[in-house]
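Visitor: The structure is given below, and queries will be raised subsequently.
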Amino acid sequence: MLKGRNVLIGITGGIAAYKICELIRMFKRQNANVRVVCTENALNFVTKLTLENLSKNPVSINEFDVEKFNPEHISYADEADIMIIAPATANTISKIANGICDNLLTSIVCAFKKPIIIAPAMNCNMWDNPIIQDNLNKLSKLNYKILEPESGYLACGYEGKGRLCSVDVIFEEASKILNQKQFLSGKKIVITSGGTIEDIDPVRYISNYSSGKMGLALADIANEYGADVTLITTCDTKRNYQIINVKSAIEMKNAVEKELENSDCIIMAAAVADYRAKNISEQKIKKTDDDEISITLVKNPDILKEISNKKTSQIIVGFCAESENLIENAKTKILQKGCDYLIANDISRKDIGFSSDYNEVTIIDKHGCMKKLSRASKSDIARQIFETIYG
Ligand code: CTP
Numbered sequence: 063m064l065k066g067r068n069v070l071i072g073i074t075g076g077i078a079a080y081k082i083c084e085l086i087r088m089f090k091r092q093n094a095n096v097r098v099v100c101t102e103n104a105l106n107f108v109t110k111l112t113l114e115n116l117s118k119n120p121v122s123i124n125e126f127d128v129e130k131f132n133p134e135h136i137s138y139a140d141e142a143d144i145m146i147i148a149p150a151t152a153n154t155i156s157k158i159a160n161g162i163c164d165n166l167l168t169s170i171v172c173a174f175k176k177p178i179i180i181a182p183a184m185n186c187n188m189w190d191n192p193i194i195q196d197n198l199n200k201l202s203k204l205n206y207k208i209l210e211p212e213s214g215y216l217a218c219g220y221e222g223k224g225r226l227c228s229v230d231v232i233f234e235e236a237s238k239i240l241n242q243k244q245f246l247s248g249k250k251i252v253i254t255s256g257g258t259i260e261d262i263d264p265v266r267y268i269s270n271y272s273s274g275k276m277g278l279a280l281a282d283i284a285n286e287y288g289a290d291v292t293l294i295t296t297c298d299t300k301r302n303y304q305i306i307n308v309k310s311a312i313e314m315k316n317a318v319e320k321e322l323e324n325s326d327c328i329i330m331a332a333a334v335a336d337y338r339a340k341n342i343s344e345q346k347i348k349k350t351d352d353d354e355i356s357i358t359l360v361k362n363p364d365i366l367k368e369i370s371n372k373k374t375s376q377i378i379v380g381f382c383a384e385s386e387n388l389i390e391n392a393k394t395k396i397l398q399k400g401c402d403y404l405i406a407n408d409i410s411r412k413d414i415g416f417s418s419d420y421n422e423v424t425i426i427d428k429h430g431c432m433k434k435l436s437r438a439s440k441s442d443i444a445r446q447i448f449e450t451i452y453g
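Read in order, the letters of the sequence shown are residues 63 to 453 in the numbering used here.
Here's what the structure looks like:
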């Protein structure tokens, strides 16, 4: 199943290091190529000879123990399809979360652009430490896959959460990622996300409640499926694919138009403000004795409509946020916009949509065909959207 796939396993200094011998064998049995890098401390728990015999490859510990000049952290990072760090100690987790590269393993992680699985193992009090939890949350938000430890009897004599999860779980998670269809490989996909921000004066603006989560989920899944992804967003997001930060509708339009020619698909998940202030005051607008104030708004360009008019072979997808008459309004909207697909979502519901991690949508195509996707996580919805468009 995993023939020819390159698995890089990073072992750090925890007692569970011995369990990784079995993990290596599981990958070898599926004909994967396995390379192992260790921290110095890992070798207190498992020998280099054992790991080399099982992986059938030399085991490296630091950047300088190579025979010929070859920046190993870069070549390892380039060649592997996935990296698994198991067991991951609190020390290594914290180094990775803070960009520290003081050994071969952490240097590889810093240069690694493909999926990384982290399987922590440590004493339960260390696991509960808010600093460690903050670091893990940070990594999780940056798209590292954290496989939580199990609870039980720990080697240090304590009982609690901290035991390395089973190697079966690690193997299954890695296999799932490695076997994922790379059906978007070679495609350039541009996604917009977040609510645009339209300035009124230096301290005030018009915006909306869009969290940018749906657009981010689409970008993450497209990246997982092998696409060349560009996310144009108003949100502060860090990823290892291209992110273009914009603020207003006009900035978003310029960025989208720049990408149009070289893209295969553009998905407008952003909530673009329909209007902006006609004049942005350079100075803070002062309060007056009047009880009312008027701000003149002018229409923003309709980015989706404009790119749908200009497109050649690209697939253009819009979103449709409605608080009533969802399907009826969506059917009218797809005709007005001229896009290929419209993803309709009901923003009146609290359990889906804006700010939620879940969504429930209906995909409508330009011929009026509809497909309802039941309530699921935004990642699952994103997966189903790509499977519908490219399936
Ligand atoms: N959109 C856009 N430019 C705008 C407004 C919206 O590109 N100025 C895009 C959104 O990114 C979304 C789609 O158009 O993909 C529909 O957005 P929505 O807010 O549902 O509709 P509007 O066109 O703004 O119409 P209305 O607010 O009247 O429902």
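For glycine and all other residues, C-beta sits at the position ideal for the given N, C-alpha and C.
How would you call Cys-431, buried or exposed, if buried means at least 16 neighbouring beta carbons within 10 angstroms?
Guide: Classification for Cys-431: exposed.
Visitor: Please indicate yes or no: does the CB of Val-334 lie closer than 7 Å to some heavy atom of the ligand ADP?
Guide: In the structure on display, the ligand ADP does not appear, and the ligands it does have are the ligand CTP.
Visitor: State the start and end residues of the unbroken beta strand (DSSP E) segment that holds Tyr-301.
Guide: Per the sequence shown, the amino acid found at residue 301 is Arg instead of Tyr. It is not in any beta strand (DSSP E) - Arg-301 carries neither H nor E in the DSSP assignment.
Visitor: Excluding sequence positions up to five away, which residues of its chain have a Cβ less than 8 Å from the Cβ of Ala-142?
Guide: Contacts found: Asn-68, Val-69, Leu-70, Arg-97, Phe-174 and Lys-176.
Visitor: For Gly-76, report the span of its alpha helix (DSSP H) as first-last.
Guide: Segment: none, Gly-76 is in no alpha helix (DSSP H) and carries neither H nor E.
Visitor: Short check: CB of Tyr-138 to CB of Phe-107, under 8 Å?
Guide: Contact flag unset, no.
Visitor: How about the segment 232-246 and the segment 280-294: do they share at least three Cβ pairs that are nearer than 8 Å?
Guide: In short, these stretches touch, since the Cβ pair count reaches three.
Visitor: Assuming Ile-262 contacts Ile-357 under a Cβ cut-off of 8 Å, what Cβ separation, rounded to an integer in Å, is found between them?
Guide: Confirmed, about 6 Å.
Visitor: Per DSSP, which one or two residues make a beta bridge with Thr-424?
Guide: Ala-406 and Lys-434.
Visitor: Determine the DSSP secondary structure at Met-184, reduced to helix, strand or coil.
Guide: In this structure, Met-184 counts as coil in the three-state DSSP scheme.
Visitor: Does the beta-carbon distance from Lys-372 to Leu-435 come in below 8 Å?
Guide: No, they are not a contact pair.
Visitor: Could you check which residue in Thr-112, Gly-453, Asn-270 and Val-231 has the C-alpha nearest to that of Ser-417?
Guide: Here the closest residue by C-alpha is Asn-270.
Visitor: Do Ala-281 and Cys-227 have their C-beta atoms closer together than 8 Å?
Guide: Not closer than 8 Å, so no.
Visitor: Near Ser-202, what residues of its chain come up, given a Cβ to Cβ distance below 7 Å and the 5 sequence neighbours on each side ignored?
Guide: If we look at Ser-202 and ignore the five residues flanking it on each side, its Cβ neighbours are Ile-208.
Visitor: Applying the criterion that 16 or more other CB atoms from any shown protein chain within 10 Å of the CB defines a buried residue, is Asn-199 buried or exposed?
Guide: It is exposed - the Cβ of Asn-199 has fewer than 16 other Cβ atoms within 10 Å.
Visitor: Got a sec? Which residues, its chain only, sit under 7 Å from Asn-103 by beta carbon, not counting five neighbours each side?
Guide: So the qualifying residues of the chain are Thr-74 and Gly-75.
Visitor: Quick check on this structure: which residue in Leu-388, Asp-336 and Leu-167 has the alpha carbon closest to the alpha carbon of Glu-125?
Guide: Ranking the options by Cα distance to Glu-125, first place goes to Leu-167.
Visitor: Excluding the five sequence neighbours on either side, which residues of its own chain have a C-beta within less than 6 Å of the C-beta of Thr-424, listed in chain order?
Guide: Ala-406, Met-432 and Lys-434.
Visitor: At a cut-off of 7 Å, is Gly-380 close to the ligand CTP when judged by its beta-carbon and the heavy atoms of the ligand?
Guide: Yes, Cβ of Gly-380 sits closer than 7 Å to a heavy atom of the ligand CTP.
Visitor: Please determine, among Gly-224, Glu-422 and Lys-399, the residue with the shortest C-alpha to C-alpha distance to Ser-437.
Guide: Reading off the sequence shown, one finds Arg at residue 437, where the question assumed Ser. Residue Glu-422 is the option with its Cα nearest to Arg-437.
Visitor: Do Ala-335 and Ser-272 have their C-beta atoms closer together than 8 Å?
Guide: It is not a contact, given that the beta carbons lie outside the stated cut-off.
Visitor: Between the C-alpha atoms of Gly-66 and Ser-441, what's the straight-line distance to the nearest angstrom?
Guide: About 28 Å.
Visitor: Closest to Ile-6 by CA distance: which of Ala-183, Lys-315 and Arg-338 is it?
Guide: Not covered by the structure: residue 6. The range shown for the chain is 63 to 453.
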